[in-house]
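> Please find one structure pasted underneath; my questions will follow.
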Amino acid sequence: MTDRELRELCQRYFDAIERGDLETIAELYAPDFGFWVNLTGEESSREQNLATLRDGSALLRRRSYDDRRIDTFETGFLVRYSVNVVTHGGKRSSFWACVVAQCRAGRITHIDEYLDSSKFRRPAASEP
Amino acid sequence: MTDGEIRELCNRFFDAYQDRRVDELAEIYAPDCIVWHNVFGRETSGAENLAALPKSYAGQRRRTYDDRTIHTFAGGFVIQYTLHGVQHDGHRGALWICIVGLCRNGRITRIDEYMDSSKFAAWAGRKR
């Protein structure tokens, strides 16, 4: 995949997560997709990750993936971003994260996500 | 810088960090190097980072930066690794970390570090 294709795939993916568009996300995941996050150190499957996204989106009024800085490499992309969240009760919080994604033939085959779970409990005042 | 040069610089940086060779780290950091962490959300200078290292190193008997997965892109690298630490009382812990390094003329100009601070206490063998 070219640099441009990888960047477009990255943006499509995060736009779809923001919208809670699980159909598009499912299209973007390769059949053998795997997801890993530094919070648990465990690998989850395509279906497990889609279920997590579906359950997670119901908990929030809005979440946006802002300030996306994308770099591409031969087999995938790196994206650094801030996540801004609004709960149904109106509470806001933010944290910084990054994703390293492996891609093939227009789809994402693997994601490694790194974030700081301690930020989930803090108010937005001290965050980005 | 070429892919090979960036990879060598990345490994040289982590080898020096692991072996506590602060003088070599000072050579690797560009004069205007900036270090940023997702845990604190603030930038520090390379000089400030180096000045904090002796105290930081004193906290553990040994640290190793293992399982390094490196990808390079135009202007830098992303490295995913496991930080293994052995405390002075023998406690062993591991953290999963991702660093994005920007490079210029054989030196590192910026480091963005992503990790989960909720794991620090377990890593160090402390109660929360």
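Chains as they are written, first to last, in my numbering: chain L, 760 to 887; chain D, 1236 to 1363.
Cβ atoms here follow ideal geometry from the backbone N, Cα and C, with glycine treated the same way.
Kindly indicate if chain D contains any beta-carbon less than 7 Å away from that of residue 792 of chain L.
By this cut-off, residue 792 of chain L is not an interface position.
> Given this structure, state the Cα-to-Cα distance separating residue 1241 of chain D from residue 869 of chain L, to the nearest angstrom.
Residue 1241 of chain D and residue 869 of chain L: Cα-Cα distance of roughly 24 Å.
> For residue 1308 of chain D, decide whether its Cβ has a neighbour in chain L, counting only Cβ atoms nearer than 7 Å.
It does; some Cβ of chain L falls within 7 Å.
> So is residue 848 of chain L buried or exposed if we call it buried at 16+ other beta carbons inside 10 Å?
Classification for residue 848 of chain L: exposed.
> Taking DSSP as the reference, what is the three-state secondary structure of residue 860 of chain L?
Reduced to three states, the DSSP call for residue 860 of chain L is strand.
> I want to see whether chain D comes within less than 7 Å of residue 808 of chain L, judged by CB atoms only; does it?
Taking Cβ atoms only, chain D never reaches closer than 7 Å to residue 808 of chain L, which makes this a no.
> Using Cβ-Cβ distances below 7 Å, what residues of the segment 821 to 833 of chain L are close to chain D?
For the segment 821 to 833 of chain L, which is checked against every Cβ of chain D, the residues closer than 7 Å are 830, 831 and 832.
> Return the CA-CA distance between residue 1315 of chain D and residue 788 of chain L, expressed in angstroms with no decimal places.
Their backbone Cα atoms lie some 22 Å apart in a straight line.
> Going by the beta-carbon positions, is the gap between residue 1349 of chain D and residue 1338 of chain D smaller than 7 Å?
No, Cβ-Cβ distance for residue 1349 of chain D and residue 1338 of chain D is not below 7 Å.
> Taking Cβ to Cβ, would you say residue 1343 of chain D is nearer than 7 Å to residue 1269 of chain D?
Against a cut-off of 7 Å, the Cβ pair of residue 1269 of chain D and residue 1343 of chain D comes out as no contact.
> Check the DSSP bridge columns for residue 1330 of chain D and list the partner residues they point to.
D:1318, per the DSSP bridge assignment.
> Does at least one heavy atom of the ligand PLP sit under 6 Å from the Cβ of residue 1271 of chain D?
Absent from the structure shown: the ligand PLP. Ligands present: none.
> Give a yes or no on whether the minimum CB-CB distance between residue 1316 of chain D and chain L is below 7 Å.
So, not an interface residue.
> What whole-angstrom Cβ distance do residue 1245 of chain D and residue 1312 of chain D have, given they're in contact under 8 Å?
Contact holds; Cβ gap of about 5 Å.
> Relative to the C-alpha of residue 826 of chain L, which candidate in L:820, L:835, L:818 and L:839 has its C-alpha closest?
Nearest C-alpha to residue 826 of chain L: L:839.
> Which term fits residue 797 of chain L, buried or exposed, when burial requires 16 or more other beta carbons within 10 angstroms of its beta carbon?
Buried, by the Cβ-count rule.
> Secondary structure at residue 802 of chain L, three-state DSSP: helix, strand or coil?
Strand.
> Could you pull the DSSP bridge partners for residue 1337 of chain D from this structure?
D:1311 and D:1345.
> Check the Cβ of residue 874 of chain L against every Cβ in chain D and list those closer than 8 Å, keeping chain order.
Neighbours of residue 874 of chain L on chain D, chain order: 1273, 1349 and 1351.
> Quick one: complete alpha helix (DSSP H) runs, 4+ long, within the segment 1240 to 1272 of chain D?
1257 to 1263, all fully within the segment 1240 to 1272 of chain D.
> Would you say residue 842 of chain L lies against chain D (beta-carbon separation less than 7 Å)?
No, no contact with chain D.
> Could you check where the alpha helix (DSSP H) with residue 763 of chain L kicks off and where it finishes?
Where residue 763 of chain L is concerned, the enclosing alpha helix (DSSP H) stretches over 762 to 778.
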